[in-house]
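Read the structure below first, then the notes.
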Amino acid sequence: MARRKADPQSTLFNDAVNIGESAGPSFLPASTEATVVPDLALRKQDGDLRNIRHPVEMSAIEPKTRKLTYLSHKLWMFLVSYSLQTQATRTDLGLLWRIPLSTLQKDIEYRSNDSEHLKESIRQCQKTLVEWASSARDRETGEVRAWTSTQLLGSVEFVIDNRGIRCLEWTFPPALLRQMQEHKHWFESSLAIANQLTRHSSLALFRVVSRYKTSPSGLTERRAWRDWIPILTGESNEAAELTARLRSRKTGDGSGAKVEKYKEWRYFNRDVIAPAVKELNAVLDDIWVEAKPIKVGGSVDSLQFKVTQRSDFRRIDDPVDTVEAGKTTSADALVGLGLTRKLATELCREHGEELMNEAVGRVKTRLADARLAPVRNVQGLLITVKDELVAERTSRVSAAVAEQGPRRLSADVMATESLEDYRNDLANLARRDWPSLPPEVQDDYLARFKQDGIPVNLKVAHSHFEKSGIKQPMVRAMFFRWLACERAGEAWTPSDRELLAFERSRRAR
1395 MARRKADPQS
1405 TLFNDAVNIG
1415 ESAGPSFLPA
1425 STEATVVPDL
1435 ALRKQDGDLR
1445 NIRHPVEMSA
1455 IEPKTRKLTY
1465 LSHKLWMFLV
1475 SYSLQTQATR
1485 TDLGLLWRIP
1495 LSTLQKDIEY
1505 RSNDSEHLKE
1515 SIRQCQKTLV
1525 EWASSARDRE
1535 TGEVRAWTST
1545 QLLGSVEFVI
1555 DNRGIRCLEW
1565 TFPPALLRQM
1575 QEHKHWFESS
1585 LAIANQLTRH
1595 SSLALFRVVS
1605 RYKTSPSGLT
1615 ERRAWRDWIP
1625 ILTGESNEAA
1635 ELTARLRSRK
1645 TGDGSGAKVE
1655 KYKEWRYFNR
1665 DVIAPAVKEL
1675 NAVLDDIWVE
1685 AKPIKVGGSV
1695 DSLQFKVTQR
1705 SDFRRIDDPV
1715 DTVEAGKTTS
1725 ADALVGLGLT
1735 RKLATELCRE
1745 HGEELMNEAV
1755 GRVKTRLADA
1765 RLAPVRNVQG
1775 LLITVKDELV
1785 AERTSRVSAA
1795 VAEQGPRRLS
1805 ADVMATESLE
1815 DYRNDLANLA
1825 RRDWPSLPPE
1835 VQDDYLARFK
1845 QDGIPVNLKV
1855 AHSHFEKSGI
1865 KQPMVRAMFF
1875 RWLACERAGE
1885 AWTPSDRELL
1895 AFERSRRAR
């Protein structure tokens, strides 16, 4: 009698390790029935979706063929989670899992009755090839699996059981099953967060940063920025090139040159990176995600992401405890935000304690809101808020004076020198506040100055700015005068009353 060959999958899960919150895939006695996943396999006692541990090799899915959509990626993520949480029964066909479609649709929040859309997402997982490499040597066999290529899903069937319940039944390719069993490290992934996201790039980036959220550095793997394109878009380079070529044929561009999905970093950042980071930071309440492009020779060469615990930001940036009202001055509150006593006193004398108290209140409210971007430069934020309040106050005063028919400055009322002194004073304030502004605010001002602040016919100034920014004295003077005008708004051309008030305050200093 011929000896029956061992089932290939039967060798994969002997002595399977526990890689999730329950036992991982392992053999039970042989059966012809698929393992039915319990309705609450992925849920806690309160009914919320739980966090699931996944092998780190599955954190970044890089398609080598075809394309994954948000739904197909999320569907695969949940099917893997079901399998990791449910012991598999060996059948003549290998390891099979089955789940009622109603449970699957509830868990992935798929509220449509369009089963064709669900089937198409399954086909995408079956057609998409992924690869990974390993340098680890198997302790038992001594083998090194240097390269692995596999689909994301094996066979999948829609089944109506003997009770009339519509179910989904699936298998995984042997190589993927082996990876689920033999992994050495895992990361925790939130299924609830995955359901809140709306785009593939956000889901893919979420899985990547989830792997590194407990890393001391918080930095993800550094890759050439183009290598991130298939990971975050879900579209393989092969599929992207094919799509681009078909599009070029329709438009009549038959150049035959190699077509790239994103020719420049700025477009990839605009269309993929920035929206994904923005959505993640709006949804996540425990970590903050930042893109960290690395430049070589003035252009972006590679990219990694930085993951920071939000509690760390609050611990670094939170001011000292608020002192009870009536027991402190505005200067004390400003010192509590990190300003020097001298600068705090100058600000209170220049703008008044009432305005600075309001600025402190707004800053503290902003710091306490963990849903917004973490504040790296509290002092810079304070100066920005102060400028906003000054602008609001100036606008109110100007409106009140306008109702009374104010007279604009003229040579008969006030000397031209007084106006120049007034504007020079605003420029000096802008120069003083500049180092304290947040970097992103500085970059915005510099970009606007380059476009609108330098006269078109002043080519020398344009040349100096391109070479050294605002380091050249002439450009620096032009910049701070322009910046002062931008910040002052209508107050750049004061009324007689406002200019007289300036002269009195200057004499009182």
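In terms of my numbering, the sequence shown opens at residue 1395 and continues consecutively. C-beta: ideal position from N, C-alpha, C; glycine also.
- Within the region 1506-1534, the beta strand (DSSP E) runs of at least 3 residues that lie entirely inside it are, in chain order, 1523-1526.
- In the three-state reduction of the DSSP assignment, valine 1784 falls in the helix class, which pools H, G and I.
- Rounded to whole angstroms, the Cβ separation of valine 1602 and alanine 1454 is 5 Å, and the two are in contact under 8 Å.
- Using a Cβ distance threshold of 8 Å, serine 1583 and isoleucine 1446 count as a contacting pair.
- Taking a contact to require three or more Cβ pairs closer than 8 Å, the region 1587-1596 and the region 1665-1676 qualify as touching.
- At the C-beta level, isoleucine 1681 and asparagine 1589 stay beyond 8 Å of one another.
- Secondary structure note for glutamate 1563: its beta strand (DSSP E) is the uninterrupted segment 1560-1564.
- Residue pairing from DSSP places lysine 1686 in a beta bridge opposite Gln1698.
- Secondary-structure assignment with DSSP links glutamine 1703 through a beta bridge to Ile1681.
- Looking at the DSSP output, tryptophan 1580 shares a beta bridge with Pro1449.
- Between leucine 1894 and the set Lys1861, Leu1852, His1858 and Asp1815, the nearest pair of CA atoms involves Asp1815.
- Contact annotation: tryptophan 1564 and leucine 1473 have beta-carbon atoms nearer than 8 Å.
- Secondary structure in the region 1839-1869: the alpha helix (DSSP H) runs of 4 residues or longer, each lying completely within the stretch, are 1853-1862 in chain order.
- The alpha-carbon of arginine 1505 is positioned some 29 Å away from that of arginine 1605.
- Within the same chain, Cβ atoms closer than 7 Å to the Cβ of glutamate 1451 are found at Trp1526, Gln1573 and His1577, the five residues on either side in sequence being excluded.
- The region 1480-1493 makes no contact with the region 1607-1617: fewer than 3 CB pairs, one atom from each, lie closer than 8 Å.
- DSSP places arginine 1460 in the coil class of the three-state scheme, outside both helix and strand.
- Between the region 1863-1874 and the region 1843-1855, the count of C-beta pairs closer than 8 Å reaches three or more; the two stretches touch.
- Looking only at Thr1637, Arg1639 and Trp1622, the smallest Cα-Cα distance to tryptophan 1659 is reached by Trp1622.
- For serine 1543, the enclosing beta strand (DSSP E) begins and ends at 1542-1545.
- If you draw a straight line from the Cα of glutamine 1845 to the Cα of glutamate 1834, it is about 17 Å long.
- In the structure shown, glutamate 1615 falls within a coil segment according to DSSP collapsed to helix, strand and coil.
- Per DSSP, the beta bridge partners of leucine 1443 are Arg1437.
- By the CB criterion at 8 Å, leucine 1436 and serine 1475 fall inside the cutoff.
- Counting C-beta atoms within 10 angstroms of its own C-beta, lysine 1657 has fewer than 16 neighbours from the protein chains shown and is therefore classed as exposed.
- In the structure shown, threonine 1723 falls within a coil segment according to DSSP collapsed to helix, strand and coil.
- Here phenylalanine 1843 has Phe1873 and Trp1876 as same chain residues with Cβ atoms under 6 Å from its own Cβ, once five neighbours each way along the sequence are excluded.
- Under DSSP, proline 1494 takes part in a beta bridge, and its partners are Cys1561.
- The shortest C-alpha to C-alpha distance from glutamine 1698 to any of Val1729, Gln1479 and Asn1663 is the one to Asn1663.
- Secondary structure of leucine 1733 (DSSP, three-state): coil.
- Counting the other CB atoms within 10 Å of its CB gives phenylalanine 1552 a total below 16, which places it among the exposed residues.
- When Leu1813, Thr1788, Pro1829 and Asp1819 are compared, the shortest CA-CA separation from leucine 1776 is found for Pro1829.
- In the three-state scheme derived from DSSP, where H, G and I count as helix and E and B as strand, threonine 1483 is classed as strand.
- Here DSSP, grouped into helix, strand and coil, assigns threonine 1592 to coil.
- For glutamate 1748, the enclosing alpha helix (DSSP H) covers residues 1747-1762.
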